[in-house]
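Visitor: In my numbering, the protein residues as written are 1 to 437.
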């Protein structure tokens, strides 16, 4: 097959799709579908994994330390293929799942091969971190390995991705579904962000969906929008269980979900045809995982072992804060082998380091008993308030009296007497009235 061919527009079917390239954020998140038979345009939402900010992902610790390169081959980037070329390429993929070609799939491929080239380059590099994990989880349940590309469209291979509706992690679990499949979600822990546990939970969920539908296209549609929405679409389509028949009755994002999944399988295998070069992956450091049974703060580990705290967070993405709550239940801690050895040698020292400062949440508190003299004090306050609102009190200065004697006799001070009566010195005259409050 020739590398370059002219795309034969005449060979396209009645349904034609045009992708508006990003003029604004809305355009970047959608494809516009035009049906020549009805003359109507329809907007399809892109899966959120296709809208991830690659610049932000490249700032993450793992990407900064282990990914580099990824350049374009501009000559092949101009290559154009016929619809038969794309169809044949998809047929050659060693897949159990149905990966058909049509114009909707074509436009998702176009989006990956054009506007998302840099994102594809990143994902091809990051795949070296995650694909073995995905494949192990899928293989453990005898599921098709092409499902490993679901996180490509779900999260863009970002382990901490959060959707606008609250789904989290590589596999984008909602809290309820995650808990249903054994993922712990608390204020301190979110196992939806744990690549290993989330992958096995996703495999279990996909397996259950296949038992329900018996069709992989419906399975991944249900994975995206929930079985309830797929069941409604089936009912509205007269009971048909063919994805492309129920397609018009699905939510906007799910209508593009299966075509995006097919396009992801295509671009992750045929990126070279479009001049996309993967980011190169350096072999990451070997890590081991241990279980801790005491509360542990990442600052304790970082300060005593010398590991970067950012590396700790990246290697343990399931923790929402820097606290590892080992006292509540056995909790995993992943560390590079060298640092783990140092951590083990430190023993109890690491748990005691700055513990009073870092763990300020009190386990017990004493309730202060009320002061028995409090009622009397309150009465005194009350009396004082009444006194303060009473009319001013005056006394008549006796012959030979001083300000000190008058102040002492009336429970006040010389300074107060001076202020109340406008006296600057100490001279006073017998027979005069003197205000004492």
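Where a beta carbon is used, it is the ideal one built from N, C-alpha and C, also for glycine.
1. Rounded to a whole number of angstroms, what is the C-alpha to C-alpha distance between residue 158 and residue 194?
2. Keeping to the same chain, check which residues put their C-beta closer than 6 Å to that of residue 156; ignore five residues upstream and five downstream.
3. Helix, strand or coil: how does DSSP classify residue 295 here?
4. Starting from residue 336 and walking both ways along the beta strand (DSSP E), at which residues does that stretch end?
5. Does the stretch 325–341 come close enough to the stretch 277–294 to have 3 or more Cβ pairs within less than 8 Å?
6. Leaving out five residues before and five after residue 123 in sequence, what residues of the same chain have Cβ atoms less than 8 Å from its Cβ?
7. Quick one: measure Cβ to Cβ for residue 107 and residue 31, integer angstroms, because I've assumed they're closer than 8 Å.
8. At what residues does the beta strand (DSSP E) containing residue 325 begin and finish?
9. List the endpoints of the continuous alpha helix (DSSP H) containing residue 54.
10. How close, in whole Å, do the beta carbons of residue 299 and residue 322 come, if the pair is a contact with beta carbons under 8 Å?
11. With 16 other CB atoms within 10 Å as the buried threshold, where does residue 399 fall?
12. Starting from residue 354, trace the beta strand (DSSP E) both ways and give me its first and last residue.
13. Classify residue 427 as buried or exposed, calling it buried when 16 or more other Cβ atoms lie within 10 Å of its own Cβ.
14. DSSP has residue 68 in a bridge; who is on the other side?
15. CB-CB under 7 Å to residue 206, same chain, minus the five flanking residues each way: which ones, in chain order?
16. Going by DSSP in three states, residue 369 sits in which element: helix, strand or coil?
17. Any idea what DSSP makes of residue 181, helix, strand or coil?
18. Cβ atoms of residue 265 and residue 251: under 7 Å apart, would you say?
19. Just curious, the alpha helix (DSSP H) that residue 110 is in, first and last residue?
20. Is it a yes or a no for the stretch 230–242 touching the stretch 90–109, going by three-plus beta-carbon pairs under 8 Å?
21. Excluding five sequence neighbours on each side, which residues of the same chain lie with their C-beta closer than 6 Å to the C-beta of residue 162?
22. So what does DSSP say about residue 308, is it helix, strand or coil?
23. Go through its chain and collect everything with a Cβ distance to residue 189's Cβ below 8 Å, but skip five positions before and after it.
24. For residue 406, which residues from the same chain have a beta carbon less than 6 Å from its beta carbon, with the 5 sequence-adjacent residues on both sides left out?
25. When you compare the stretch 296–312 with the stretch 171–185, are there three or more beta-carbon pairs, one atom per stretch, that lie closer than 8 Å?
26. Expressed to the nearest angstrom, what Euclidean distance is found between the alpha-carbon atoms of residue 253 and residue 172?
27. Tell me which same chain residues have a C-beta within less than 7 Å of the C-beta of residue 343, skipping the five on either side of it?
28. If we ignore side chains and look at the alpha-carbon of each, how far apart do residue 414 and residue 431 end up?
29. What's the gap between the Cα of residue 364 and the Cα of residue 215?
30. Is the beta carbon of residue 281 sitting closer than 7 Å to the one on residue 70?
31. Would residue 420 and residue 435 qualify as a contact pair, given that the criterion is a beta-carbon distance under 7 Å?
32. Hey, out of 314, 394, 303, 311, whose CA is closest to residue 352's CA?
33. Which residue comes first and which comes last in the beta strand (DSSP E) that contains residue 29?
34. Does the Cβ of residue 113 have 16 or more other Cβ atoms within 10 Å, making it buried, or fewer, making it exposed?
35. Need the endpoints of the beta strand (DSSP E) that residue 41 sits in, please.
36. Rounded to whole angstroms, what's the CA-CA distance from residue 29 to residue 310? Just pull it up for me.
Guide: For this structure:
1. The alpha-carbon atoms of residue 158 and residue 194 are separated by roughly 11 Å.
2. Excluding residues within five positions, the ones whose Cβ falls inside 6 Å are 49, 52.
3. Note: residue 295 maps to strand in three-state DSSP.
4. Residues 331–336.
5. Contact between the stretch 325–341 and the stretch 277–294 is present, because at least three Cβ pairs lie under 8 Å.
6. Listed in chain order, the non-local C-beta contacts of residue 123 below 8 Å within the same chain comprise 152, 156, 157, 268, local neighbours out to five positions each way being set aside.
7. A Cβ-Cβ separation of about 6 Å places residue 107 in contact with residue 31 under the 8 Å criterion.
8. Element bounds for residue 325: 323–325.
9. Counting along the chain, residue 54 sits inside the alpha helix (DSSP H) bounded by residues 54–57.
10. Right, the Cβ-Cβ distance comes to about 6 Å (below 8 Å), so this counts as a contact.
11. Residue 399 is exposed by the Cβ-count criterion.
12. Where residue 354 is concerned, there is no enclosing beta strand (DSSP E), given that its DSSP letter is neither H nor E.
13. By the neighbour-count rule (16 or more Cβ atoms within 10 Å), residue 427 is not buried but exposed.
14. DSSP, once it has assigned bridges, lists 280 as partnering residue 68.
15. Excluding five sequence positions before and after residue 206, the CB atoms of its chain that fall closer than 7 Å to its own CB belong to 143, 147, 219, 223, given in chain order.
16. Three-state DSSP puts residue 369 in coil, outside helix and strand.
17. Correct three-state label for residue 181: coil.
18. Cβ distance not < 7 Å, so residue 251 and residue 265 don't count as in contact.
19. Per DSSP, the continuous alpha helix (DSSP H) segment holding residue 110 begins and ends at 103–113.
20. Because the criterion of three Cβ pairs below 8 Å is not met, the stretch 230–242 and the stretch 90–109 do not touch.
21. Within the same chain, residue 162 has close Cβ partners 168.
22. In the three-state scheme derived from DSSP, where H, G and I count as helix and E and B as strand, residue 308 is classed as coil.
23. Spatial neighbours of residue 189 in its own chain (CB-CB distance under 8 Å, excluding positions within 5 residues in sequence) are listed in chain order as 318, 319, 320, 325, 331.
24. Nothing meets the Cβ criterion.
25. The answer is no - the stretch 171–185 does not touch the stretch 296–312, with fewer than three Cβ pairs under 8 Å.
26. For residue 253 and residue 172, the gap between their C-alpha atoms comes out near 14 Å.
27. The beta carbon of residue 343 sits closer than 7 Å to those of 301, 305, 335, 350, all from its chain and outside the five residues before and after it, given in chain order.
28. Using only the alpha carbons, I get a separation of about 19 Å.
29. Going by the C-alpha atoms only, they are around 55 Å apart.
30. Result no, Cβ atoms of residue 281 and residue 70 do not sit closer than 7 Å.
31. Between residue 420 and residue 435, the C-beta spacing is below 7 Å.
32. Ranking 314, 394, 303, 311 by Cα distance to residue 352 puts 303 first.
33. Residue 29 -> no beta strand (DSSP E), and no H or E assigned at all.
34. Per the 10 Å Cβ criterion, buried.
35. Residues 40–45.
36. Distance between the alpha carbons of residue 29 and residue 310: 31 Å.
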